[in-house]
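Protein chains: 2
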Amino acid sequence: MTIQLYCFGESGHSYKAALALELSGLDWEPVYIDFFNGETRTPQYRENVNEMGEAPVLVDGDVKLTQSAILQDYISEKSGKFDGKDKAEAREILRWQIWDNHKLSSFAGICRFMMNFLPENKRSDEVIAFLQGRLAGSYDILNKHLEGRDWIVGDSVSNADLTCCGYLFYEEPFGFDRAQWPNIDRWLSNIQALPGWKHPYDLMPGSPADRGL
Amino acid sequence: MTIQLYCFGESGHSYKAALALELSGLDWEPVYIDFFNGETRTPQYRENVNEMGEAPVLVDGDVKLTQSAILQDYISEKSGKFDGKDKAEAREILRWQIWDNHKLSSFAGICRFMMNFLPENKRSDEVIAFLQGRLAGSYDILNKHLEGRDWIVGDSVSNADLTCCGYLFYEEPFGFDRAQWPNIDRWLSNIQALPGWKHPYDLMPGSPADRGL
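Respectively, the protein sequence lines represent chains A and B.
Taking my numbering as reference, the numbering of the first sequence is continuous, increasing by one, and the terminal residue is 244.
Taking my numbering as reference, the numbering of the second sequence is continuous, increasing by one, and the terminal residue is 244.
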């Protein structure tokens, strides 16, 4: 059975699951969520697809899951990949996934949305500065951790990497400059060199170009 | 061996682990982190205690863990409590823990810090309004989910509850009013009625009163 991933190209949280699916070799297909026309905010979406009103959502037969880290856990269970070689590694991977959801992808997603997709009269320079300040601290932690390492945990790609990179391949400006963080830059190149790697806009339907931006 | 939890009273993230330890019946003791004098920002702390620069940290013999959800996982493994009755419940519990780290405790912690503990000349009304706007959406999702339920997942207290309540017992204003969210209010009362429940300031060292606030 083909796994369906409800997603859209601009969603770095969706990208985490899409990339895990693509690299895992599992059979999957994207289902487009019309986020920019408000699909995730409708009562129908909240009731039938995801009460948290978020993307992505994974559907595999009777199984329906949300929250990208939960999807990644499911993909690992089915494929045997990306979840570490033992319990200690698995816990360390989950630690970085939670950190990312708390301190990195969360702020990066909002900041990028605000700077690129929100009408200019709804943007707040103070909020953008606040988010970029929090993000600078997070880039610094990740960059330090990657000193002398090819991957965040262990000696191969894991869900920790596939989570933390969620928003870092997008070109739209949100205050992140790869050149400023050499270890992050090298690590992102490692991910890009994986067989089957694709940019979010090549992996999922929907992009700013599709919306005439 | 007594489990040590590096924590401080004002930290709702620490509270999640402290409450889990206390309710689990495991032998534990708090170790005070002097957060307000910058302990978590020192190079020593980042190098020796937690590279992410955060509280809480759990030490149990040779084991040292960070990120509250990881601590809760460890506490469940040792005590056999709070992690659901099967894999499906465990996944649903983790889903709410990740959502909380992404959308609830994260914003609540920052908002409360900014409104109560940051010098007034460093506060930004626009950032506070932004955070409260995000939080209102999160309270609404949690309140709807708790309609007709005593606990977030299954029919007893789990790590989902012990996570999402992290900041919701504090009295300092951060825009959360229990009376406005009747299902959240009832659910918080369920947690308070658990044998051994304690308020964060009674469970961990450090409080605004201790700092003369």
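Beta carbons: idealized from backbone N, C-alpha and C, even for Gly.
With 16 other Cβ atoms within 10 Å as the buried cut-off, status of residue i
i                      : result
residue 97 of chain B  : buried
residue 204 of chain B : exposed
residue 153 of chain B : exposed
residue 88 of chain B  : buried
residue 75 of chain A  : exposed
residue 65 of chain B  : exposed
residue 188 of chain A : buried
residue 194 of chain B : buried
residue 72 of chain B  : exposed
residue 220 of chain B : exposed
residue 119 of chain B : exposed
residue 58 of chain A  : exposed
residue 131 of chain B : buried
residue 184 of chain A : buried
residue 53 of chain A  : buried
residue 240 of chain A : exposed
residue 47 of chain A  : buried
residue 178 of chain A : exposed
residue 162 of chain B : buried
residue 60 of chain A  : exposed
residue 94 of chain A  : exposed
residue 244 of chain A : exposed
residue 92 of chain A  : exposed
residue 175 of chain B : exposed
residue 166 of chain B : buried
residue 164 of chain A : exposed
residue 140 of chain B : buried
residue 202 of chain A : exposed
residue 135 of chain B : buried
residue 149 of chain B : exposed
residue 123 of chain A : buried
CB-CB length for residue i against residue j, believed under 8 Å
i                      : j                      : result
residue 242 of chain B : residue 198 of chain B : Their Cβ separation, rounded to whole angstroms, is 18 Å, which puts residue 242 of chain B and residue 198 of chain B out of contact at 8 Å.
residue 51 of chain B  : residue 103 of chain B : 5 Å
residue 192 of chain A : residue 222 of chain A : 6 Å
residue 55 of chain B  : residue 106 of chain B : 6 Å
residue 86 of chain A  : residue 234 of chain A : With 8 Å as the limit, residue 86 of chain A and residue 234 of chain A do not qualify as a contact, their Cβ atoms being about 14 Å apart.
residue 236 of chain B : residue 39 of chain B  : 7 Å
residue 200 of chain B : residue 231 of chain B : 6 Å
residue 101 of chain A : residue 126 of chain B : 5 Å
residue 151 of chain A : residue 157 of chain B : With 8 Å as the limit, residue 151 of chain A and residue 157 of chain B do not qualify as a contact, their Cβ atoms being about 15 Å apart.
Near the ligand ATP: residue i beta-carbon under 7 Å from a heavy atom
i                      : result
residue 238 of chain A : This structure simply doesn't include the ligand ATP, nor any ligand for that matter.
Inset, instruction - Pick out the complete alpha helix (DSSP H) segments inside the segment 113-188 of chain B, 4 residues or longer, and give them in chain order. - result: The DSSP assignment places 118-130, 136-147, 156-176 as complete runs of the alpha helix (DSSP H) inside the segment 113-188 of chain B, in order along the chain (cut-off: 4 residues).
Legend entry - Validate contact between the segment 39-46 of chain B and the segment 220-233 of chain A using beta carbons, cut 8 Å, 3 pairs: Flag = no, the segment 39-46 of chain B and the segment 220-233 of chain A do not touch.
Inset, instruction - State whether the segment 77-94 of chain B contacts the segment 98-118 of chain A, with contact taken as three or more CB pairs (one from each stretch) at a distance under 8 Å. - result: No: the two stretches stay apart, fewer than three of their Cβ pairs being nearer than 8 Å.
Legend entry - Residues within the segment 128-153 of chain A neighbouring chain B, beta-carbon criterion of under 7 Å: Hits within the stretch, in order: 129, 130, 132, 133, 137.
Inset, instruction - Could you please tell me which residues of the segment 72-92 of chain A, in chain order, have their CB closer than 9 Å to any CB of chain B? - result: Listed in sequence order: 77, 82, 83, 84, 85.
Legend entry - Interface residues of the segment 110-128 of chain B facing chain A [CB-CB below 7 Å]: Residues of the segment 110-128 of chain B that bring their beta carbon within less than 7 Å of a beta carbon in chain A comprise 122, 125, 126, in sequence order.
Inset, instruction - Spell out a yes or no on whether the segment 161-174 of chain A and the segment 199-216 of chain A are touching, meaning 3 or more CB-CB pairs, one atom from each, closer than 8 Å. - result: Yes, the segment 161-174 of chain A is in contact with the segment 199-216 of chain A.
Inset, instruction - Can you give me, in chain order, the residues of the segment 195-225 of chain A that have a beta carbon less than 7 Å from any beta carbon in chain B? - result: Hits within the stretch: zero.
Legend entry - Contained beta strand (DSSP E) runs [length at least 3] in the segment 56-96 of chain A, N- to C-terminal order: Within the segment 56-96 of chain A, complete beta strand (DSSP E) segments of at least 3 residues are found at 59-63, 88-91, given in chain order.
Legend entry - Interface positions of the segment 155-168 of chain A facing chain B (Cβ-Cβ less than 7 Å), listed along the chain: Within the segment 155-168 of chain A, the residues whose Cβ lies closer than 7 Å to some Cβ of chain B are 155, 157, 158, 161, listed in chain order.
Legend entry - Cβ-based contacts, 7 Å cut-off: residues of the segment 45-64 of chain B near chain A: So nothing in the stretch comes that close.
Legend entry - Interface residues of the segment 172-186 of chain B facing chain A [CB-CB below 9 Å]: Of all residues in the segment 172-186 of chain B, the ones placed with a Cβ closer than 9 Å to any Cβ belonging to chain A are 172, 175, 176, in chain order.
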